[in-house]
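Enquirer: Okay, handing you the structure first.
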Amino acid sequence: MIRARAPELDGRGWIGTGGRALTLADLRGKVVILDFWTLCCVNCLHVIDELRPLEAAYPDELVIVGVHSPKFAYEGEMATVQAAVERYDVRHPVLVDSEHATWRAYGAKAWPTLVVIDPEGFLVAHMAGEGHGPALDAIVRDVVGRAEREGRLRRGLGPWVPPPVAPSDLRFPSKAIWSPTPTDDGGPRLLIADAGHHSLAEMTVDGTLLRRICTGERGLTDGGPGDATMSEPSGLCALPCEIAAEVGYDIVVADTVNHALRGVRLSDGQVATVAGTGHPAGPDDQAPWFEDRGVVGLAANGTRLSSPWDVVWDAGRDAVVVAMAGIHQLWAFDPVSGRIGVLAGTRGEGLADGDAREAWLAQPSGLAVGEDGRVWIADSETSALRALEPDGQVRTYVGQGLFDFGHVDGRGALALLQHPLGVAMTPDGDVAIADTYNGAVRIYRVDRDEVETLAEGLTEPADLLILPEAAGGDGSSVSGGALSGSAAPNYRLLVVESGAHRISEIATPAQALDKGRLATDRPPLEVRAGEVELLVPFSPAPGHRLDDRAGPATRLSVSATPPSLLISGAGEGETLSRTLVLAEGEGVLHVTARAAACDAEAEHPACHLVTQDWGVPLKITPRPAAAQ
């Protein structure tokens, strides 16, 4: 058997090593897992959480190295990656691979990708997607055992050096709403999802912290404000008074990393889990379609969710709409019946409009409901502003695809955003957009089908809030200054500046110039038009076997954006290989592979469904005349 040496680690710099640059020679004697990720990718964030138990189980034998290979231009900066490492509590060294040198050396094709290297520096395993925790555990256990028997294992703590963290009232705040409970003097009160502190913060408009709900420790515990725990909460919505009185809580919280919805009673700060199990939805966890008043749907408290990122009350449906970022769908939750179901999206990741049951979304992360019943969506991975229309259609207003982004104002079809995370309805019916990776607030003029820039120079704006004209402006942390100029509305905007750990009011709109179209350094895969063979290699981990007791053990799904790129070969099948016929053009090939595996020898085997999901940009060129 030929063993391949692992390529050297090459990038712009290192985070979490105390300033030291690591080489593979420094890691000899350890089992190494390389985790290729990018901070915008929710599946990558899932893998970071899947790796935590492995880090705890093998503290002396295993070193995990994050290789941050960015998709978006904003993600290539050292400071951006440093903030993400802190935000997501990454406790291992991270190589900033901004030019994709290590990505290309290891043949990565998708985020996330995982590579296992043995203590002698040889490649052991290469896999893409999430859900590989059990397989990785089996591989690491096998490699550790062999290396120990052969005297090649070097025990001891790894090279990670925890970075210093400066104290602050807010830490990576994610979303904010106006609390239904006013301050003692009758003024407005902000309720903020303080993701970095794993809690909710109540504040006055001038930035005074009034109280905190949850302990600040990462966890999933119900109880009072001093006992309950959350994990990176994000979206918030207030229930109508009559609904709140009936169900016994006022606020619904998207508890993102817990894959749960939490109900919070503001009178005493009690927190209860109202949807989700604490475990992410797997590929076989299919929910039914939701209908008004929860006539159709699952019992919410027993249903697995996947990274709910935002929530908003929809009066037309009498339900909470949930941006289920982890599986690229919109769901709806009825607090009264306790039922939950799907509103839009197939779980396919991409930009495809049409009927809600056939449309594709891509990590929806921000929601707002207009007076006409449209549910506006910040569809972050397609850098798009989209909407679920009252007639059940999904429509794109701004955005062009998974790999098209930038900072361009103008007509909706030509304008570009960069990974927006938040939307808000303005009093005049337009849509304000937290254009996160452009550090800007943009506005979509609905009647004119036009995008303008209101402000820029912000640090990861993640949400927006309309400031009542009577509030603020007292010279404290939320400064006065109504928006003015050609875009001057009769309102002011608060911005959740997640990367700056603060809530800001934006001042007069900047005279911003378009920054133009941007692109990731990840090059498209160039192939010739005509027949190509697609093969997805899969081998069960040590001690596991394919499980075909309930049907075929493997399944492969293939599609393309645009669909015209695939002359033939689209659809689902049971084998992990397929002959594709490609047409000339450019687009994205979507490949989803699944394999069921279980313990080979156990009397009561544990079984696991592994999913690998790729969105591969393609450039399909003509075949030479002689080859046609």
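As numbered in the working numbering, residues 42 to 669 make up the sequence shown, in order. Idealized CB from N, CA, C, for every residue including glycine.
Measure the Cβ-Cβ separation of P665 and A570 and say whether it is below 8 Å.
Expert: Your numbering for residue 665 matches position 624 in the sequence shown. Your numbering for residue 570 matches position 529 in the sequence shown. Contact flag unset, no.
Enquirer: Quick one: grab the DSSP three-state call for R46.
Expert: Your numbering for residue 46 matches position 5 in the sequence shown. Reduced to three states, the DSSP call for R46 is strand.
Enquirer: Give a yes or no on whether the C-beta atoms belonging to V410 and D355 are separated by under 8 Å.
Expert: On the sequence shown, residue 410 is found 369 positions in, with the first residue counted as 1. On the sequence shown, residue 355 is found 314 positions in, with the first residue counted as 1. Yes, the Cβ-Cβ distance between V410 and D355 is below 8 Å.
Enquirer: For D425 versus L458, is the C-beta spacing smaller than 8 Å?
Expert: The count along the sequence shown starts at 1 and reaches residue 425 at position 384. The count along the sequence shown starts at 1 and reaches residue 458 at position 417. Before going on, a small fix: residue 425 reads as Ala here, not Asp. Yes, they are a contact pair.
Enquirer: Reducing DSSP to helix, strand and coil, say where E116 ends up.
Expert: For the purposes of this step, residue 116 is identified with residue 75 of the sequence shown, where counting begins at 1. Three-state DSSP puts E116 in a helix.
Enquirer: I believe T620 touches G610 by the beta-carbon criterion, under 8 Å. Please report the beta-carbon distance rounded to the nearest angstrom.
Expert: Within the sequence shown, numbered from 1, the residue matching residue 620 stands at position 579. Within the sequence shown, numbered from 1, the residue matching residue 610 stands at position 569. The Cβ separation is near 6 Å, so the contact holds.
Enquirer: S605 and S215: beta carbons closer than 8 Å?
Expert: On the sequence shown, residue 605 is found 564 positions in, with the first residue counted as 1. On the sequence shown, residue 215 is found 174 positions in, with the first residue counted as 1. Cβ atoms of S605 and S215: not closer than 8 Å.
Enquirer: Using CA atoms only, rank isn't needed, just tell me which of S347, S598, L617, E102 is closest to R193.
Expert: Here the question's residue 193 lines up with position 152 in the sequence shown. Ranking S347, S598, L617, E102 by Cα distance to R193 puts E102 first.
Enquirer: When DSSP builds the beta bridges, which residues end up paired with A169?
Expert: By 1-based counting over the sequence shown, the position of residue 169 is 128. Looking at the DSSP assignment, A169 forms a beta bridge with T154.
Enquirer: Along the chain, where does the alpha helix (DSSP H) that runs through H87 open and close?
Expert: Residue numbering aside, residue 87 sits at position 46 when the sequence shown is read from its first letter. From DSSP, the alpha helix (DSSP H) with H87 extends over 83-98.
Enquirer: Do P583 and E681 count as a contact pair if the criterion is CB distance below 8 Å?
Expert: Past the edges of the chain, shown from 42 to 669, lies residue 681, and the structure says nothing about it.
Enquirer: Please state whether the Cβ-Cβ distance between Y115 and Y478 is less than 8 Å.
Expert: Mapped onto the sequence shown, residue 115 falls at position 74. Mapped onto the sequence shown, residue 478 falls at position 437. Cβ distance < 8 Å, so Y115 and Y478 count as in contact.
Enquirer: Exposed or buried, C82, counting other C-beta atoms within 10 Å across all chains shown (16 or more means buried)?
Expert: In the sequence shown, counting from the first residue as 1, residue 82 sits at position 41. Buried is the call here.
Enquirer: For V246 and P229, which I take to be in contact (beta-carbon distance under 8 Å), what is that distance rounded to the nearest angstrom?
Expert: To locate residue 246, count along the sequence shown from 1; it is residue 205. To locate residue 229, count along the sequence shown from 1; it is residue 188. Rounded, the Cβ-Cβ distance is 6 Å, consistent with contact.
Enquirer: For V568 and I608, what's the separation of their Cα atoms in angstroms?
Expert: On the sequence shown, residue 568 is found 527 positions in, with the first residue counted as 1. On the sequence shown, residue 608 is found 567 positions in, with the first residue counted as 1. Approximately 14 Å between the Cα atoms of the pair.
Enquirer: Among the candidates E273, V202, W372, L198, whose CA atom is the shortest distance from the CA of I233?
Expert: Against the sequence shown, residue 233 aligns to sequence position 192. When only C-alpha atoms are compared, the closest one is E273.
Enquirer: If you draw a straight line from the alpha carbon of H300 to that of G626, how long is it in whole angstroms?
Expert: The residue given as residue 300 occupies position 259 in the sequence shown. The residue given as residue 626 occupies position 585 in the sequence shown. Whole-angstrom Cα-Cα distance: 39 Å.
Enquirer: Does the Cβ of L86 have 16 or more other Cβ atoms within 10 Å, making it buried, or fewer, making it exposed?
Expert: Locating residue 86 in the sequence shown gives position 45, counting from the first residue. Buried.
Enquirer: Of all the options L80, A97, P94, V88, which has the alpha carbon lying nearest to the alpha carbon of M119?
Expert: Locating residue 119 in the sequence shown gives position 78, where the first residue counts as 1. If we check each option's Cα against that of M119, L80 comes out closest.
Enquirer: Round the Cβ separation of V361 and L371 to the nearest angstrom and send it over; I've been treating them as touching at under 8 Å.
Expert: Translated into the one-based positions of the sequence shown, residue 361 becomes position 320. Translated into the one-based positions of the sequence shown, residue 371 becomes position 330. Contact flag wrong, Cβ pair sits at about 11 Å.
Enquirer: Short of 8 Å in beta carbon distance, which residues of its chain neighbour D90, apart from the five on each side in sequence? Order them along the chain.
Expert: For the purposes of this step, residue 90 is identified with residue 49 of the sequence shown, where counting begins at 1. So the qualifying residues of the chain are V298.
Enquirer: To test your reading of the DSSP string, which unbroken beta strand (DSSP E) runs of 3 or more residues are found completely within the segment 222-288?
Expert: 230-235, 240-245, 250-254, 274-279, all fully within the segment 222-288.
Enquirer: Which one or two residues does DSSP pair with I218 in a beta bridge?
Expert: Along the sequence shown, one-based indexing puts residue 218 at 177. Answer is L232.
Enquirer: By the DSSP assignment, the beta strand (DSSP E) with L177 in it spans what residues?
Expert: Residue numbering aside, residue 177 sits at position 136 when the sequence shown is read from its first letter. Not the beta strand (DSSP E): L177 falls in the alpha helix (DSSP H), residues 174-190.
Enquirer: Between the Cα of P349 and the Cα atoms of H369, E574, H173, which residue gives the shortest distance?
Expert: Position 308 of the sequence shown holds residue 349. Here the closest residue by C-alpha is H369.
Enquirer: Between the Cα of A400 and the Cα atoms of L499, T602, E497, which residue gives the shortest distance?
Expert: What you label residue 400 is simply residue 359 of the sequence shown in a count that begins at 1. The option with the nearest alpha carbon to A400 is T602.
Enquirer: Take every Cβ of the segment 280-292, pair it with every Cβ of the segment 192-212, and state whether three or more of those distances are shorter than 8 Å.
Expert: Segments in contact, no.
Enquirer: Apply the 10 Å Cβ neighbour rule to V106 and answer buried if 16 or more other Cβ atoms are within range, or exposed otherwise.
Expert: For the purposes of this step, residue 106 is taken as the residue at position 65 of the sequence shown. Buried, since its Cβ has 16 or more Cβ neighbours within 10 Å.
Enquirer: Could you tell me which of W78, V577, D359 sits nearest to A634, measuring between CA atoms?
Expert: Walking along the sequence shown from the start, residue 634 turns up at place 593. Selected option, being the one with the closest Cα: V577.
Enquirer: Using C-beta distances below 6 Å, list every residue in its chain close to G260, excluding the 5 sequence neighbours before and after it, in chain order.
Expert: Stepping through the sequence shown from its first residue, residue 260 is reached at position 219. If we look at G260 and ignore the five residues flanking it on each side, its Cβ neighbours are T270.
Enquirer: Between which two residues does the alpha helix (DSSP H) carrying A146 extend?
Expert: Position 105 of the sequence shown, counted from the first residue, corresponds to residue 146. Element bounds for A146: 142-146.
Enquirer: Please look up how many angstroms separate the CB atoms of L211 and T143, rounded, as I've assumed it's under 8 Å.
Expert: Taking the first residue of the sequence shown as position 1, residue 211 is located at position 170. Taking the first residue of the sequence shown as position 1, residue 143 is located at position 102. That pair is no contact at about 34 Å.
Enquirer: In terms of alpha-carbon separation, which member of S406, M466, E287 lies closest to E422?
Expert: Position 381 of the sequence shown, counted from the start, is the residue given in the question as residue 422. Of the listed residues, the one whose Cα sits closest to E422 is S406.
Enquirer: Restricting to Cα atoms, I'd like to know which of P502, A541, P565 is closest to L534.
Expert: The residue you call residue 534 lines up with position 493 of the sequence shown. When each option's Cα is compared against that of L534, the closest is P502.
Enquirer: Alpha carbon to alpha carbon, what distance is there between P205 and G367?
Expert: Mapped onto the sequence shown, residue 367 falls at position 326. Mapped onto the sequence shown, residue 205 falls at position 164. Their Cα atoms are separated by approximately 30 Å.
Enquirer: Answer yes if the segment 442-450 comes into contact with the segment 412-420, meaning at least three C-beta pairs across the two stretches below 8 Å, and no otherwise.
Expert: As far as the Cβ criterion goes, the segment 412-420 does not touch the segment 442-450, which means the pair count is below three.
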